[in-house]
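Asks: Protein chains in written order, with the numbering used here: chain A, 95 to 209; chain F, 381 to 495.
The beta-carbon is built from N, C-alpha and C at its ideal position, and this holds for glycine as well.
Just so it is clear, the structure is predicted and the values come from calculations on it, not from any experiment.
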Amino acid sequence: DAGVIQSPRHEVTEMGQEVTLRCKPISGHDYLFWYRQTMMRGLELLIYFNNNVPIDDSGMPEDRFSAKMPNASFSTLKIQPSEPRDSAVYFCASSLTGATNTEAFFGQGTRLTVV
Amino acid sequence: AQSVAQPEDQVNVAEGNPLTVKCTYSVSGNPYLFWYVQYPNRGLQFLLKYITGDNLVKGSYGFEAEFNKSQTSFHLKKPSALVSDSALYFCAVRDSNSGYSTLTFGKGTMLLVSP
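1. Since Cys117 (chain A) is in the beta strand (DSSP E), which residue starts that stretch and which ends it?
2. Quick one: is Glu105 (chain A) near chain F, going by C-beta distance under 8 Å?
3. Ala182 (chain A) CB to nearest chain F CB: under 8 Å?
4. Let me see if you follow: with CB-CB separation under 8 Å, is Leu139 (chain A) close to chain F or not?
5. Does DSSP put Gly136 (chain A) in a helix, a strand or coil?
6. Identify which residue in F:Val401, F:Val473 and F:Leu468 has its Cα closest to the Cα of Thr482 (chain F).
7. So, does the CB of Lys402 (chain F) fall closer than 8 Å to a CB anywhere in chain A?
8. For Lys458 (chain F), is the classification buried or exposed, using 16 other Cβ atoms within 10 angstroms of its Cβ as the cut-off for buried?
9. Return the chain-ordered list of same chain residues with a C-beta closer than 7 Å to the C-beta of Pro102 (chain A), the five sequence neighbours on each side being excluded.
10. Taking 8 Å as the threshold (C-beta atoms), are Ser476 (chain F) and Tyr412 (chain F) in contact?
11. So the beta strand (DSSP E) Glu395 (chain F) belongs to, where does it begin and stop?
12. If we ignore side chains and look at the alpha-carbon of each, how far apart do Ser160 (chain A) and Gln202 (chain A) end up?
13. Counting Cβ pairs, one atom from each stretch, are 3 or more of them under 8 Å apart for the region 161 to 178 of chain A and the region 113 to 126 of chain A?
So this is what it looks like as structure tokens:
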């Protein structure tokens with residue numbers, strides 16, 4: 095398996111534009127997580143899905159952020175409209191069903207810069 | 381609530397010397413503990429985990445970690461550091477008594493190994 099795949103790797107956009115980040119989890123994994131990493135706040139969990147259903151989105155910072163998982167092999171994180179303070183590295187991760195002792199596997203991340 | 385503390389922002393060690401990266405945790409039940417490493421411009425990579433059993437767990441790249449329940453610690457160690465070990469290290473915890481709970485990460489510790 096190629097692991098968790100994220101695209102694009104880098105995104106530069108102007109303030110006010112819509113940004114869509116994409117993630118393909120590891121095949122067979124039924125948990126999917128979106129994290130954001132910044133120098134100031136470290137690694138923050140934004141939202142996670144189980145079997146394509148959003149379970150906890152309490153980490154989503156504002157209504158400008160939305161995430162979907164239309165099927166088991168694809169998820170998107172959308173920011174509309176984007177703001178400079180959204181600049182960060184966004185990671186997607188996946189893990190196997192429910193067993194709490196299993197680790198999560200991370201993608202390479204998308205570095206977002208909003209100018 | 382579960383939490384993780386990594387008291388050191390940065391650890392400096394000379395190549396060939398032993399290294400320790402500290403981690404303490406707080407959970408209401410029994411902990412599942414994880415260490416991840418992040419190299420520049422890469423995602424987080426799983427290193428090792430403690431679930432149950434032997435308090436000393438061995439992982440990738442010669443790293444090991446010792447679980448100490450009385451001190452609620454899970455310090456990462458390596459007998460002989462390499463320059464290539466220089467990276468950002470994250471400790472994470474999951475509470476085994478909370479059904480499925482997400483991983484809570486520490487803020488990370490930058491390890492710098494000098495030649």
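Replies: For this structure:
1. Residue mapping note: residue 117 (chain A) aligns to position 23 of the first sequence, counting from 1. Looking at the DSSP string, the run of the beta strand (DSSP E) that includes Cys117 (chain A) is Val113 to Lys118.
2. Here residue 105 (chain A) refers to the residue found at position 11 of the first sequence. False, the Cβ-Cβ gap to chain F never drops below 8 Å.
3. For the purposes of this step, residue 182 (chain A) is identified with residue 88 of the first sequence, where counting begins at 1. False, the Cβ-Cβ gap to chain F never drops below 8 Å.
4. Along the first sequence, one-based indexing puts residue 139 (chain A) at 45. With 8 Å as the cut-off, Leu139 (chain A) counts as an interface residue toward chain F.
5. The count along the first sequence starts at 1 and reaches residue 136 (chain A) at position 42. If DSSP states are grouped into helix, strand and coil, Gly136 (chain A) belongs with the strands.
6. Working through the second sequence from its first residue, we reach residue 482 (chain F) at position 102. When only C-alpha atoms are compared, the closest one is F:Val473.
7. Sequence index remark: in the second sequence, residue 402 (chain F) carries index 22 (1-based). Lys402 (chain F) does not count as touching chain A.
8. As a first step, residue 458 (chain F) is located in the second sequence; it is residue number 78 there, counting from the start. By the 10 Å Cβ count, Lys458 (chain F) comes out buried.
9. Within the first sequence, numbered from 1, the residue matching residue 102 (chain A) stands at position 8. Once the five neighbours on either side are set aside, the close Cβ partners of Pro102 (chain A) are Thr204.
10. Along the second sequence, one-based indexing puts residue 412 (chain F) at 32. Along the second sequence, one-based indexing puts residue 476 (chain F) at 96. Yes; because the gap between Cβ atoms is below 8 Å, this pair is in contact.
11. If you number the second sequence from 1, residue 395 (chain F) lands on position 15. First-last for Glu395 (chain F): undefined, no H or E at that position.
12. Here the question's residue 160 (chain A) lines up with position 66 in the first sequence. Here the question's residue 202 (chain A) lines up with position 108 in the first sequence. Distance between the alpha carbons of Ser160 (chain A) and Gln202 (chain A) is about 21 Å.
13. yes
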